[in-house]
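Student: Oh and the sequence shown: position 48 is 57 in my numbering, straight run, nothing missing. Beta carbons: idealized from backbone N, C-alpha and C, even for Gly. My questions all concern the structure below.
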Amino acid sequence: KMYASSFKLPDLPYDFGALEPVVSAEIMTLHHSKHHNTYVTNLNAAMEKLEEATAKGDVAGIVALQQAIKFNGGGHLNHSIFWQNLAPLGKGGGELGDGELRAAIEAQYGSVENLQNTMSAAAVGVQGSGWGWLGYDKTNKRLAVATTANQDPLQTTTGLIPLFGIDVWEHAYYLQYKNVRPDYVKQIWRVANWGDISARFAEAKKK
């Protein structure tokens, strides 16, 4: 049988230019239509090969495909979260109201600003390509800041449930911010979709 359940590129929940001036329409168009789309295409290709290798009982072939599945599957997972994690200015971007997430952040970090500074420093400090994350540690019932390399998914790598990810691959910012990653990371908070992050927090606590 042919590989059936092909993964698809999700639609953006806003227009390509909706996150300006923080993220340019040009970056969003390339990031979504080219980069994320490539992860989806390559994930589907790897899954098809995996099905063939599995049908043949080709263990070496199965093992050889794991890195491609991890990289492209991680890219698809991470970006699918990232688009939802962002919202235009004036339409939820940067606005964290009172509620359980704000209370948890203030209890643990002292203030939202302190959390932002902690997470920004972690994201800026990623060597090469990767992600900065706010996650939920369900074992200890605490928030946690973490980083992942390349496209490694947060949950499978660290056990943390992803709430908010900052993509610090250069393709996420270079056309606009050049090599000044700290400026991009500082600005991204202006379009952080705290409504989505709060919903993920509420869901994570139920698990």
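#1: Cβ of R190 less than 7 Å from any chain C Cβ?
#2: Using the rule of at least 16 other Cβ atoms within 10 Å of the residue's Cβ for burial, across every protein chain shown, is K10 buried or exposed?
#3: Distance, Cα to Cα, G141 vs V194?
#4: Compare the Cα-Cα distances from L152 to each of Q136, A158, L18, Y118 and report the closest residue.
#5: How would you write the range of the alpha helix (DSSP H) that A54 sits in, first residue to last?
#6: Classify V154 as helix, strand or coil using the three-state DSSP reduction.
#7: Going straight from the alpha carbon of S129 to that of P191, what length do you get?
#8: In or out: T156 buried (at least 16 other Cβ within 10 Å) or exposed?
#9: Taking W178 as the reference, give the member of Q160, E115, T165 with the closest Cα.
#10: Express the C-alpha separation of A64 and Q75 in angstroms, rounding to a whole number.
#11: Are there 16 or more other CB atoms within 10 angstroms of the CB of Q136, so buried, or fewer, so exposed?
#12: Measuring straight from C-alpha to C-alpha, what distance separates F210 and A73?
#13: Please work out which residues of its chain come closer than 7 Å, Cβ to Cβ, to E104, disregarding the five sequence neighbours upstream and downstream, and give them in chain order.
Tutor: Taking the coordinates as given:
#1: Among the protein chains of the structure shown there is no chain C, as only one such chain exists.
#2: Confidence is the limiting factor: at K10 the pLDDT is only 46, short of 50, which leaves the residue's position unreliable, though a coordinate-based value still follows. The residue in question, K10, is exposed, as its Cβ has fewer than 16 Cβ neighbours within 10 Å.
#3: The straight-line gap from Cα to Cα measures roughly 10 Å.
#4: Y118
#5: 46-65
#6: Here DSSP, grouped into helix, strand and coil, assigns V154 to strand.
#7: 8 Å
#8: Around the Cβ of T156, a 10 Å sphere holds 16 or more other Cβ atoms; the residue is buried.
#9: Q160
#10: 16 Å
#11: exposed
#12: 36 Å
#13: W203, listed in sequence order.
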